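Engineer:
Numbering (the working numbering), first residue to last: 164 to 838.
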């Protein structure tokens, strides 16, 4: 083969890799997983700095996250390479418009129109920019041109109506029509996470129709998501003026008061909302109103601490439910809690809204020795329904989980952490699937959303990308969960008999005990997947939470737990799958530590923590391939401090400790890992 042919083939391979990377970046971008999308876009631009699609994608992403200067640089770089890029000029116009740089926006839109004269969105956006400059007649002409090109363009039609309204040219009937259009457009903008324009649309709808209840509601939701809580309160109060029996609004008020640390107001709002939306709750609330309030905080009873052996490893035993004439509920919802009050009311309210009586569901709050106790807060909205237990001392996360499971009587158990919550339909939809499913099913899970500390959507849970809409028993689940965990506790329910057979949570694995339990379940049972998004898992992105997370990873303890989770699982995996799963788990998690976790101690200058993570990574996978990856990683700029540290340690070894003649023995490549 000629040298030119080799070069051509290499180029094709590189282009194929970049094309695949761009598809991955676009997928993350569409899913609003902006961090991952940005990483991949930047990786592409490292290899090809002038790649137009990567420049465009990263430019749009930069605008989304408010990095306007960076976005402008990227879009201008794209237009230097492709001056006839319509989407480049269009996006640059949108960027200028968002920053109120209106003349520059007009110029960019006109450049785009000169290249593509039949685009309704271009004329619409140009019209809106002209409208913002008070050029009404020119704006109206642009909107009419957009509608001529695309008669069903809702945005252009709404903008035309708004322009005519500003000039006093609409009848009352037309005002109502355009109010509905603006409300529809606002929902579309909100779904696209364009909250600024969504709020503007809702306000316009209200200006056109001052008694438009749906627009007030949508405006409140958008403002709340923006973090403008006081304005959201005003909007929600207006909804209640128009419809005093709207229970959902009271729940949203409760969430706002909770975020503002106004717990008394939050309790009152949650109570009122739950009474309005759930007749079962109302009945229980009224029945309990006349009973005497408990003076003493209930203490968790002493429970036997026994073990069950699964193949070669011991786990905490979960005894069977004691015989009783009382019917067992279908659900036991166990809410572990410790000190935190930030989200507990919201978590409880999400469950209580779906509570249909004690015959169907029991709710247990397991307070892990909080000081002061959480009893009064739980009782405020859960009295007469929720069973509260307070441990006399902190027994750890796994111990608290297991205690709640032992105290439960339900057929299926849901461990719901106090900062997470479920969405409407979680319990009813899962029950519909589970009450008729095979006894081979030991656990089930739903789709879920990742949210931040303010409750704002961040991304869909990874399980959505794994299985999409494929409802039912997951095939080859063990091969996948055995390598990494895409699940979160809020989305998982487990049959109580499963716990009774294979035991509870392993206490030595800290935050990875859930992954190990899922692997243990998958070894002996089938797992059911309910694809709808029915739960929310909170990722605290605050600076304090990031600091605490960084400190956890900086110690290297997480890497130790990861290694032990793999080793424990290896003790009970099926013989025919054990080698495959363990090898894949070791390889995957070696790379995970190398690419995602060593950086935390490095950022803080903690060389000891970084070296410990590398040490644990090599204990996980010491194969020649892993060692080669480690040496390749050490050549990166970010690893420079660690390279220097390793070199210093080597130089510090006393000369007399190094033998003059080091015998070399050729061995076959090592593939097995000694714990």
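All C-beta atoms, glycine included, are put in the ideal place defined by N, C-alpha and C.
Values in this document were obtained by computation on a predicted structure and should not be read as measured data.
For residue 737, I'd like the list of residues in its chain whose CB is within less than 7 Å of its CB, leaving aside the five on either flank, ordered along the chain.
Structural biologist: Numbered from 1 along the chain shown, position 574 holds the residue referred to as residue 737. Around residue 737: 686.
Engineer: Just to confirm, are residue 254 and residue 204 a CB contact at a threshold of 9 Å?
Structural biologist: What you label residue 254 is simply residue 91 of the chain shown in a count that begins at 1. What you label residue 204 is simply residue 41 of the chain shown in a count that begins at 1. In this structure, residue 204 does not lie closer than 9 Å to residue 254 by Cβ.
Engineer: Flag this pair as yes or no: are the beta carbons of residue 550 and residue 524 separated by less than 9 Å?
Structural biologist: What you label residue 550 is simply residue 387 of the chain shown in a count that begins at 1. What you label residue 524 is simply residue 361 of the chain shown in a count that begins at 1. Against a cut-off of 9 Å, the Cβ pair of residue 524 and residue 550 comes out as no contact.
Engineer: What are the boundary residues of the alpha helix (DSSP H) that residue 650 is part of?
Structural biologist: On the chain shown, residue 650 is found 487 positions in, with the first residue counted as 1. Premise fails: residue 650 is in no alpha helix (DSSP H) and is neither H nor E.
Engineer: What residue from 296, 739, 389 has the CA that sits closest to residue 615's CA?
Structural biologist: Taking the chain shown and counting its residues from 1, one reaches residue 615 at position 452. The option with the nearest alpha carbon to residue 615 is 389.
Engineer: Just to confirm my understanding: we take residue 380, look at its own chain, exclude 5 residues before and 5 after, and list those with CB closer than 6 Å. What are they?
Structural biologist: What you label residue 380 is simply residue 217 of the chain shown in a count that begins at 1. Answer for residue 380: 402, listed in chain order.
Engineer: So, are the CB atoms of residue 844 and residue 247 less than 9 Å apart?
Structural biologist: Past the boundaries of the shown model lies residue 844; the chain is included only from 164 to 838, so the question cannot be answered.
Engineer: If you measure between the beta carbons of residue 690 and residue 637, is that distance less than 9 Å?
Structural biologist: Counting from 1 along the chain shown, the entry for residue 690 is found at position 527. Counting from 1 along the chain shown, the entry for residue 637 is found at position 474. Yes, they are a contact pair.
Engineer: For the stretch 480 to 499 against the stretch 570 to 581, do three or more pairs of beta-carbon atoms, one drawn from each stretch, fall closer than 8 Å, so that the two count as touching?
Structural biologist: Yes, the stretch 480 to 499 is in contact with the stretch 570 to 581.
Engineer: Since residue 751 contacts residue 646 with CB under 8 Å, what's their CB separation in whole angstroms?
Structural biologist: Translated into positions along the chain shown, residue 751 becomes position 588. Translated into positions along the chain shown, residue 646 becomes position 483. Between residue 646 and residue 751 the Cβ distance is about 5 Å, and since that is below 8 Å, they are a contact.
Engineer: In terms of DSSP beta bridges, what is residue 689 paired with?
Structural biologist: Here residue 689 refers to the residue found at position 526 of the chain shown. Its beta-bridge partners are 604.
Engineer: In whole angstroms, give me the CA-to-CA distance for residue 418 and residue 273.
Structural biologist: If you number the chain shown from 1, residue 418 lands on position 255. If you number the chain shown from 1, residue 273 lands on position 110. Cα to Cα, the separation comes out at about 45 Å.
Engineer: Apart from the five residues just before and just after residue 683, which ones in its own chain have a Cβ nearer than 6 Å to its Cβ?
Structural biologist: By one-based count along the chain shown, residue 683 stands at place 520. Contacts found: 665.
Engineer: Using a threshold of 9 Å, state whether the C-beta atoms of residue 294 and residue 317 are closer than that.
Structural biologist: On the chain shown, position 131 is the one that residue 294 refers to. On the chain shown, position 154 is the one that residue 317 refers to. No, the Cβ-Cβ distance between residue 294 and residue 317 is not below 9 Å.
Engineer: Flag this pair as touching only if the stretch 431 to 443 and the stretch 527 to 541 have three or more C-beta atom pairs under 8 Å; answer yes or no.
Structural biologist: The stretch 431 to 443 vs the stretch 527 to 541: no contact.
Engineer: Expressed to the nearest angstrom, what Euclidean distance is found between the alpha-carbon atoms of residue 371 and residue 360?
Structural biologist: Sequence index remark: in the chain shown, residue 371 carries index 208 (1-based). Sequence index remark: in the chain shown, residue 360 carries index 197 (1-based). About 17 Å.
Engineer: At what residue ranges does the stretch 492 to 529 contain a whole run of the beta strand (DSSP E), taking only runs of 3 or more?
Structural biologist: Counting only runs of 3 or more, we get 494 to 500.
Engineer: Please say whether residue 409 and residue 735 have beta carbons closer to each other than 9 Å?
Structural biologist: Here residue 735 refers to the residue found at position 572 when the chain shown is read from its first residue. Here residue 409 refers to the residue found at position 246 when the chain shown is read from its first residue. Taking 9 Å as the Cβ cut-off, residue 735 and residue 409 do not qualify as a contacting pair.
Engineer: Hey, could you find the ends of the beta strand (DSSP E) residue 760 is sitting in?
Structural biologist: Position 597 of the chain shown holds residue 760. Per DSSP, residue 760 belongs to no beta strand (DSSP E) and is neither H nor E.
Engineer: Would residue 606 pass as a contact of residue 656 if the rule is Cβ separation under 9 Å?
Structural biologist: Along the chain shown, read from residue 1 onward, the residue named residue 606 stands at position 443. Along the chain shown, read from residue 1 onward, the residue named residue 656 stands at position 493. A contact, by the Cβ cut-off of 9 Å.
Engineer: How long is the line joining the alpha carbons of residue 819 and residue 808, rounded to whole angstroms?
Structural biologist: To locate residue 819, count along the chain shown from 1; it is residue 656. To locate residue 808, count along the chain shown from 1; it is residue 645. For residue 819 and residue 808, the distance between alpha carbons rounds to 21 Å.
Engineer: I need the straight-line Cα distance from residue 339 to residue 331, nearest angstrom please.
Structural biologist: By one-based count along the chain shown, residue 339 stands at place 176. By one-based count along the chain shown, residue 331 stands at place 168. Whole-angstrom Cα-Cα distance: 14 Å.
Engineer: Determine contact between the stretch 392 to 400 and the stretch 587 to 606, defined as no fewer than three beta-carbon pairs at a distance below 8 Å.
Structural biologist: Counting Cβ pairs under 8 Å, fewer than three are found: no touch.
Engineer: Would you mind stating whether residue 879 and residue 378 have Cβ atoms separated by less than 9 Å?
Structural biologist: Residue 879 lies beyond the stretch modelled for the chain, which goes from 164 to 838, so this question has no answer here.
Engineer: Once DSSP output is grouped into helix, strand and coil, what is the label at residue 364?
Structural biologist: For the purposes of this step, residue 364 is taken as the residue at position 201 of the chain shown. Residue 364: helix per DSSP, three-state reduction.
Engineer: What are the residues that DSSP puts in a beta bridge with residue 585?
Structural biologist: Here residue 585 is taken as the residue at index 422 of the chain shown, counted from 1. Residue 585 pairs with 698.
Engineer: State buried or exposed for residue 129, treating a residue as buried only when at least 16 other CB atoms are found within 10 Å of its CB.
Structural biologist: The chain is shown only over 164 to 838; residue 129 falls outside these bounds and no answer can be derived.
Engineer: Using a Cβ-Cβ distance cut-off of 9 Å, determine whether residue 385 contacts chain B.
Structural biologist: Of the protein chains in the structure, only one exists, and it is not chain B.
Engineer: Write down every uninterrupted run of the alpha helix (DSSP H) in the stretch 347 to 412 whose length is 4 residues or greater and which is fully enclosed by it, in chain order.
Structural biologist: DSSP runs (the alpha helix (DSSP H)) wholly in the stretch 347 to 412: 358 to 371, 376 to 389, 392 to 405.
Engineer: May I ask you to list the residues that DSSP assigns as paired with residue 541?
Structural biologist: As a working mapping, residue 541 is identified with position 378 in the chain shown. Beta-bridge pairing links residue 541 to no other residue.
Engineer: So the alpha helix (DSSP H) residue 737 belongs to, where does it begin and stop?
Structural biologist: The residue given as residue 737 occupies position 574 in the chain shown. Taken as a continuous stretch (DSSP letters only), residue 737 belongs to no alpha helix (DSSP H), as it is neither H nor E.
Engineer: When DSSP labels each residue in this structure, what does residue 792 get in the three-state scheme?
Structural biologist: Taking the first residue of the chain shown as 1, we reach residue 792 at position 629. Reduced to three states, the DSSP call for residue 792 is helix.
Engineer: Could you check what DSSP says for residue 814 in three-state terms: helix, strand or coil?
Structural biologist: Residue 814 sits at position 651 when you count from the first residue of the chain shown. Three-state result, residue 814: helix.
Engineer: Would you mind sorting residue 232 into buried or exposed? The rule is 16 or more other CB atoms within 10 Å of its CB.
Structural biologist: Locating residue 232 in the chain shown gives position 69, counting from the first residue. Classification of residue 232: exposed, given that the 10 Å Cβ count is below 16.
Engineer: Give me the residue from 744, 677, 779 with the minimum Cα distance to residue 716.
Structural biologist: On the chain shown, position 553 is the one that residue 716 refers to. Of the listed residues, the one whose Cα sits closest to residue 716 is 779.
Engineer: Could you check whether residue 731 and residue 641 sit closer than 9 Å to each other, using their CB atoms as the reference points?
Structural biologist: Walking along the chain shown from the start, residue 641 turns up at place 478. Walking along the chain shown from the start, residue 731 turns up at place 568. No; because the gap between Cβ atoms is not below 9 Å, this pair is not in contact.
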